[in-house]
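Enquirer: Could you have a look at this structure, given as structure tokens, before my questions?
Number of protein chains: 4
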Amino acid sequence: MARFVHEVHMRWSDMDAYRHINNSAYLAYLEEARVVMFFHRHSGFSDGTVIARHEIDYLRPVVYHPEPLRLELWIDELAGARFTVRYEVYDGPVLAARAATTCVTFDFRTDRPRRITAEERGILAGFLDESPQPDAAPTGGRR
Amino acid sequence: MARFVHEVHMRWSDMDAYRHINNSAYLAYLEEARVVMFFHRHSGFSDGTVIARHEIDYLRPVVYHPEPLRLELWIDELAGARFTVRYEVYDGPVLAARAATTCVTFDFRTDRPRRITAEERGILAGFLDESPQPDAAPTGGRR
Amino acid sequence: MARFVHEVHMRWSDMDAYRHINNSAYLAYLEEARVVMFFHRHSGFSDGTVIARHEIDYLRPVVYHPEPLRLELWIDELAGARFTVRYEVYDGPVLAARAATTCVTFDFRTDRPRRITAEERGILAGFLDESPQPDAAPTGGRR
Amino acid sequence: MARFVHEVHMRWSDMDAYRHINNSAYLAYLEEARVVMFFHRHSGFSDGTVIARHEIDYLRPVVYHPEPLRLELWIDELAGARFTVRYEVYDGPVLAARAATTCVTFDFRTDRPRRITAEERGILAGFLDESPQPDAAPTGGRR
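Shown next, in the form of structure tokens:
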């Protein structure tokens, strides 16, 4: 398995009155990495995906600087019409946030979920992470 | 002539690291007032308008509070396929910003400017301000 | 227990190229409601709180309209230096999203978590929801 | 004179429901370039500057892509306590927008404008553009 690595640039105005990057800006960072992973590196991936859920843990505050953050992404829980993108957000060497997005493949014409295509599955499978999670409990499912 | 008055809510995260509302947030405030003026109060106004130009003068810094800002809008320079929206942004009694937007009526199917319709012209004309501007030079040219 | 109810205004530009409110905008809506709940209705609540985690489930897509969304907030898992804010986001009668934020009370001078003050605990306790959740499993742990 | 050139990354969510980059996002792009020009490339530039005015002309619509926009910046109208930053925003070879920002050097302790320091003046003077503008009227004043 390979992680998808993408650099995302903060904006000075992503900082809020506490002089830290505001929590909502991280979702835009995740989206940037996800959009490039799915739609720009891999032309076979269809347009129809909706976000069903986000989880994000803020581990360290981040202060704006012009050098980009490094995001590492991988795929988890690949099912018939949904999959999870997992992320780690690094500010230099520091793991600043950890997140997960549940994506549902969707047909906007019929307004209903649709099955992941074979081509999409091939792309996603290349980013499946089967290795044990660093914070996983030994007896199994964290969630 | 009547000004269109609309209240717009700030968001705490519109403040930047200087603890003032960031200059870019004002364009979203102008847009909110414009969208309600054109599309929600007046169903006859077509969807096709593009922004050709903004000018904005920041007169006083604004700090977030939950009470809305009050925007006053009127129309100026109503031409064949373009018109100007002028704004004053009030934070309580304080005039915090003054702005102007040049809008071009546009046909998205042909991808070209289109003439303002009679119905649109009627709506816009109701907001024309013919009174002298407070900062107008006596000999004419306002700026 | 009482829920805190707050109306939040969308912005037209919160919609993305899919013509739905973008997923990241919801975090700004949650923040608006939280800021008013903690800092504007209740002057005894200190300034020092950081966001440790968000979870959000998107249940229905939302299209911009000028009428506000209605957010209902309550408190859960009130501990020594952390608590959870739970939210339901209603678009008219429709439950459009459900979310939870883990907040940590923080001392920015020492840069460390601090205990919830008695006054803060009093405010938060007034919003504790002890009733069973609609999606709770009968045997207990909801997640 | 040298122009300051900086690449700025769009975000997918900067697009609005018309599937173009929303007009307000450009101000964030200008800010990114300005912040790097003043504060990160040139450590002698003080922190105290406020925005007094923006003007922006939208020349071509822009659609999101992961490759950055190229911004070219130069300085104009360098006075005692204010100066103008002029910008051209290029989307590939296309001039997509032209803008100008009036900045006032400011002392946040006394809450009043302050004179540009000698060190700041030296930095700004290196970006002064004395060449004729492409759209300048032959008899002089562009505005």
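Protein chains in written order, with this note's numbering: chain C, 1 to 143; chain P, 144 to 286; chain A, 287 to 429; chain D, 430 to 572. Glycine included, C-beta positions come from ideal geometry on N, C-alpha and C.
#1: Take D/T478 and list the residues in its own chain whose beta-carbon comes closer than 8 angstroms to its own, dropping the five residues that flank it on each side.
#2: Roughly how many angstroms separate the alpha carbons of C/T139 and C/N23, rounded to a whole number?
#3: Less than 8 angstroms between the CB atoms is what I'm expecting for P/G224 and P/I259, so what's the real figure, rounded?
#4: Within its chain, find whatever has a CB closer than 6 angstroms to the CB of D/R515; leave out the 5 residues flanking it on each side and keep chain order.
#5: Does at least one heavy atom of the ligand FAD sit under 8 angstroms from the Cβ of A/V336?
#6: So, at 7 angstroms on beta carbons, what are the nonlocal neighbours of A/D300 in its own chain, with the 5 sequence-adjacent residues on each side left out?
#7: My assumption, with CB atoms under 8 angstroms, is that C/I56 sits in contact with C/A97. Please give the rounded CB distance.
#8: Would you mind telling me which residues of chain D sit closer than 7 angstroms to C/S164, beta carbon to beta carbon, in chain order?
#9: Do A/P354 and A/E317 have their C-beta atoms closer together than 9 angstroms?
#10: So who's on the other strand from C/R121, going by DSSP bridges?
#11: Got a sec? Which residues, its chain only, sit under 6 angstroms from C/R60 by beta carbon, not counting five neighbours each side?
#12: Could you check whether the Cβ of A/H306 sits closer than 9 angstroms to any Cβ belonging to chain P?
#13: For A/G408 and A/W298, I'd like the C-alpha separation in whole angstroms.
#14: Apply the 10 Å Cβ neighbour rule to P/A279 and answer buried if 16 or more other Cβ atoms are within range, or exposed otherwise.
#15: Considering only C-alpha positions, which residue in the set P/V205, P/E231, P/P209, P/D159 is nearest to P/A176?
#16: Considering only their Cβ atoms, is the gap separating A/A303 from D/A446 smaller than 9 angstroms?
#17: Opposite P/A242 in the DSSP bridges: which residues?
#18: Is any beta-carbon of chain A found at less than 9 angstroms from that of C/H58?
#19: Taking CB distances under 9 angstroms as the criterion, tell me whether C/H9 reaches chain D.
#20: Indicate whether A/L364 and A/Y376 have their beta-carbon atoms separated by less than 9 angstroms.
#21: Consult DSSP for D/Y447 and reduce its assignment to one of helix, strand or coil.
#22: I want to see whether chain D comes within less than 9 angstroms of A/A303, judged by CB atoms only; does it?
#23: Per DSSP, which residues does C/H6 bridge with? Please list them.
#24: So, does the CB of D/A565 fall closer than 9 angstroms to a CB anywhere in chain P?
#25: Assuming A/A288 contacts A/G412 (C-beta within less than 8 angstroms), just tell me the rounded distance between them.
#26: Please report whether the beta-carbon of D/T568 lies at a distance below 9 angstroms from any beta-carbon of chain P.
#27: Are the Cβ atoms of C/H54 and D/H438 separated by less than 9 angstroms?
#28: Determine the DSSP secondary structure at A/F413, reduced to helix, strand or coil.
#29: Checking contacts by CB at 9 angstroms: is D/F512 closer than that to chain P?
#30: Among the candidates P/T253, P/D254, P/V179, P/R252, whose CA atom is the shortest distance from the CA of A/P352?
#31: Comparing alpha-carbon positions, which option in C/L124, C/R109, C/R19 lies nearest C/T84?
#32: Going by the DSSP bridge assignment, what does C/R112 pair with across the sheet?
#33: Step through the CB atoms of chain D and report whether any lies within less than 9 angstroms of the CB of P/F270.
#34: With a threshold of 9 angstroms between beta-carbons, can P/V193 be considered close to chain D, or not?
#35: Nearest-angstrom Cα distance between D/R541 and P/E263?
#36: Who pairs with D/R463 in a beta bridge, going by DSSP?
Expert: Quick answer:
#1: Along the fourth sequence, one-based indexing puts residue 478 of chain D at 49. Cβ within range, chain order: F467, C532, V533, T534, F535.
#2: Taking the first residue of the first sequence as 1, we reach residue 139 of chain C at position 139. Taking the first residue of the first sequence as 1, we reach residue 23 of chain C at position 23. Note that C/T139 scores 39 on pLDDT, short of 50, meaning its location in the model is unreliable; the coordinates nonetheless yield the value given after this. When rounded, the distance between both Cα atoms is 32 angstroms.
#3: Numbered from 1 along the second sequence, position 81 holds the residue referred to as residue 224 of chain P. Numbered from 1 along the second sequence, position 116 holds the residue referred to as residue 259 of chain P. Checking the sequence, you will find Ala at residue 224 of chain P rather than Gly. Contact flag correct, Cβ pair sits at about 6 angstroms.
#4: Along the fourth sequence, one-based indexing puts residue 515 of chain D at 86. Cβ within range, chain order: W503, D505, A529.
#5: Ligands are entirely absent from the displayed structure, and the ligand FAD is therefore not among its contents.
#6: Counting from one through the third sequence, the residue named residue 300 of chain A turns up at place 14. So the qualifying residues of the chain are I307, N308, A311, Y350.
#7: For the purposes of this step, residue 56 of chain C is identified with residue 56 of the first sequence, where counting begins at 1. For the purposes of this step, residue 97 of chain C is identified with residue 97 of the first sequence, where counting begins at 1. Confirmed, about 6 angstroms.
#8: It is not possible to answer for residue 164 of chain C, since the shown part of chain C is limited to 1 through 143.
#9: Your numbering for residue 354 of chain A matches position 68 in the third sequence. Your numbering for residue 317 of chain A matches position 31 in the third sequence. In this structure, A/E317 does not lie closer than 9 angstroms to A/P354 by Cβ.
#10: Residue 121 of chain C sits at position 121 when you count from the first residue of the first sequence. C/R121 is not bridged to any residue.
#11: Within the first sequence, the letter at position 60 stands for residue 60 of chain C. Contacts found: V94, A96.
#12: As a first step, residue 306 of chain A is located in the third sequence; it is residue number 20 there, counting from the start. It does not; no Cβ of chain P falls within 9 angstroms.
#13: As a first step, residue 408 of chain A must be located in the third sequence, where it is residue number 122. As a first step, residue 298 of chain A must be located in the third sequence, where it is residue number 12. If I take the Cα positions, the gap works out to 38 angstroms.
#14: As a working note, residue 279 of chain P is residue 136 in the second sequence. Its pLDDT being 41, under 50, P/A279 is placed unreliably in this model, and the coordinates cannot settle the point.
#15: Within the second sequence, numbered from 1, the residue matching residue 176 of chain P stands at position 33. The shortest Cα separation from P/A176 among P/V205, P/E231, P/P209, P/D159 belongs to P/E231.
#16: For the purposes of this step, residue 446 of chain D is taken as the residue at position 17 of the fourth sequence. For the purposes of this step, residue 303 of chain A is taken as the residue at position 17 of the third sequence. Yes.
#17: To locate residue 242 of chain P, count along the second sequence from 1; it is residue 99. Paired residue(s): P/I199, P/Y230.
#18: Residue 58 of chain C sits at position 58 when you count from the first residue of the first sequence. A quick correction: the sequence has Tyr, not His, at residue 58 of chain C. Yes, C/Y58 lies at the interface with chain A (some Cβ there is under 9 angstroms from its Cβ).
#19: Indexing the first sequence from 1 puts residue 9 of chain C at position 9. Residue contact check for C/H9 against chain D: a CB pair falls below 9 angstroms.
#20: Along the third sequence, read from residue 1 onward, the residue named residue 364 of chain A stands at position 78. Along the third sequence, read from residue 1 onward, the residue named residue 376 of chain A stands at position 90. Contact flag unset, no.
#21: Start at 1 with the first residue of the fourth sequence, and residue 447 of chain D comes out as number 18. DSSP places D/Y447 in the coil class of the three-state scheme, outside both helix and strand.
#22: On the third sequence, residue 303 of chain A is found 17 positions in, with the first residue counted as 1. By this cut-off, A/A303 is an interface position.
#23: One-based indexing of the first sequence puts residue 6 of chain C at position 6. In the DSSP secondary-structure assignment, C/H6 is bridged to C/L71.
#24: Residue numbering aside, residue 565 of chain D sits at position 136 when the fourth sequence is read from its first letter. Legend: pLDDT at D/A565 = 41, less than 50; position of this residue unreliable, no value from coordinates given.
#25: Sequence index remark: in the third sequence, residue 288 of chain A carries index 2 (1-based). Sequence index remark: in the third sequence, residue 412 of chain A carries index 126 (1-based). Between A/G412 and A/A288 the Cβ distance is about 7 angstroms, and since that is below 8 angstroms, they are a contact.
#26: As a working mapping, residue 568 of chain D is identified with position 139 in the fourth sequence. A caution first: D/T568 carries a pLDDT of 40, below 50, which makes its placement in the model unreliable, though a value can still be read off. Taking Cβ atoms only, chain P never reaches closer than 9 angstroms to D/T568, which makes this a no.
#27: Your numbering for residue 54 of chain C matches position 54 in the first sequence. Your numbering for residue 438 of chain D matches position 9 in the fourth sequence. It is not a contact, given that the beta carbons lie outside the stated cut-off.
#28: What you label residue 413 of chain A is simply residue 127 of the third sequence in a count that begins at 1. Correct three-state label for A/F413: coil.
#29: For the purposes of this step, residue 512 of chain D is taken as residue 83 along the fourth sequence, with counting starting at 1. It does not: the Cβ of D/F512 has no partner Cβ on chain P nearer than 9 angstroms.
#30: If you number the third sequence from 1, residue 352 of chain A lands on position 66. Across the set P/T253, P/D254, P/V179, P/R252, the C-alpha of P/V179 shows the shortest separation from the C-alpha of A/P352.
#31: Your numbering for residue 84 of chain C matches position 84 in the first sequence. Here the closest residue by C-alpha is C/L124.
#32: Looking up residue 112 of chain C in the first sequence gives position 112. C/D107.
#33: Here residue 270 of chain P is taken as the residue at index 127 of the second sequence, counted from 1. No, because no Cβ of chain D sits closer than 9 angstroms to the Cβ of P/F270.
#34: Counting from 1 along the second sequence, the entry for residue 193 of chain P is found at position 50. It does; some Cβ of chain D falls within 9 angstroms.
#35: Along the fourth sequence, read from residue 1 onward, the residue named residue 541 of chain D stands at position 112. Along the second sequence, read from residue 1 onward, the residue named residue 263 of chain P stands at position 120. Their Cα atoms are separated by approximately 45 angstroms.
#36: On the fourth sequence, position 34 is the one that residue 463 of chain D refers to. DSSP output for D/R463 lists no bridge partner at all.
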